[in-house]
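So for the sequence shown, the numbering used here puts the first residue at 1; every next one is plus one.
Yeah, the Cβ is synthetic: ideal placement off N, Cα and C, and Gly gets one too.
Just so you know, these numbers come straight off a predicted model, no measurement behind them.
Here is the structure we will look at.
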Amino acid sequence: MKRNWIALIIVLIITTVIGYNYVYQDHRDIESEQTEFTMSSVEINQLFSKNPTSAEQKFLNKTIEVSGLITDINSNDITIDDTVFCQFSNNLEPSLNKNEKVKIKGRVIGYDDLLEQVKLDQCSINK
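Set out below in structure tokens:
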């Protein structure tokens, strides 16, 4: 009987450790990850606008690199060619300007049907 209790306690401890590690996983460091896809902002937007379901299955939560011209810039986000919205964790460099060509690495978080924009977060500028 005493053995059963010890085995039960060990199983509970192991289950608790596994559950804790599953729930509280480390955050991904997108900046250091290898890009899975490299393309222009127009190309990725066309893929999402033609078939959003297929594009989401292919790109959702993936690290990609997108290139294009800056059409809108704020303190912590950039819009490229009016088709890709890139959100940064930190404030942007003041040296960036509209109509400047950039390559941005980020994680795809979805597609906004209303604005017809692909959304990226945890972005970084590749030089």
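Q. Is it true that the segment 72–83 meets the segment 23–39, where meeting means three or more beta-carbon pairs spaced less than 8 Å apart?
A. No, the segment 72–83 is not in contact with the segment 23–39.
Q) When the Cα of Gln87 is compared with those of Arg107, Thr71 and Lys62, which residue comes out closest? A) Position 87 of the sequence shown holds residue 87. Nearest of Arg107, Thr71 and Lys62 to Gln87, Cα basis: Arg107.
**Q.** Residues that DSSP places opposite Ile78 in a beta bridge
**A.** The residue you call residue 78 lines up with position 78 of the sequence shown. Paired residue(s): Ile73 and Cys86.
(Q) Less than 9 Å between the beta carbons of Ile109 and Leu47, yes or no? (A) One-based indexing of the sequence shown puts residue 109 at position 109. One-based indexing of the sequence shown puts residue 47 at position 47. No, they are not a contact pair.
(Q) Assuming Asn45 is part of the beta strand (DSSP E), what are its boundary residues? (A) Position 45 of the sequence shown, counted from the first residue, corresponds to residue 45. Counting along the chain, no beta strand (DSSP E) covers Asn45; the unbroken alpha helix (DSSP H) around it starts and ends at Ser41 to Lys50.
Q: Would you decide whether Ala7 is buried or exposed? Buried here means 16 or more other CB atoms lie within 10 Å of its CB.
A: The sequence position of residue 7 within the sequence shown is 7, counting from 1. Counting every other CB atom within 10 Å of its CB across the protein chains shown gives Ala7 a total below 16, marking it as exposed.
Q. So the beta strand (DSSP E) Lys103 belongs to, where does it begin and stop?
A. The residue you call residue 103 lines up with position 103 of the sequence shown. Looking at the DSSP string, the run of the beta strand (DSSP E) that includes Lys103 is Lys101 to Asp112.
Q) If you check the beta carbons only, do Lys105 and Ser124 fall under 9 Å apart? A) One-based indexing of the sequence shown puts residue 105 at position 105. One-based indexing of the sequence shown puts residue 124 at position 124. Taking 9 Å as the Cβ cut-off, Lys105 and Ser124 qualify as a contacting pair.
Q. Can you tell me the Cα-Cα spacing of Thr35 and Asp121, whole angstroms?
A. By 1-based counting over the sequence shown, the position of residue 35 is 35. By 1-based counting over the sequence shown, the position of residue 121 is 121. Straight-line Cα distance between these residues: approximately 14 Å.
Q. Taking DSSP as the reference, what is the three-state secondary structure of Gln34?
A. Position 34 of the sequence shown holds residue 34. Coil at Gln34, not helix or strand.
Q | Beta-carbon proximity list for Asp82, same chain, < 6 Å, skipping 5 on both sides | A | On the sequence shown, residue 82 is found 82 positions in, with the first residue counted as 1. Spatial neighbours of Asp82 in its own chain (CB-CB distance under 6 Å, excluding positions within 5 residues in sequence) are listed in chain order as Thr71.
**Q.** Integer Cβ distance of Glu56 from Thr38, believed to fall under 8 Å
**A.** Numbered from its first residue, the sequence shown carries residue 56 at position 56. Numbered from its first residue, the sequence shown carries residue 38 at position 38. Actually they do not touch by this definition, with Cβ atoms about 19 Å apart.
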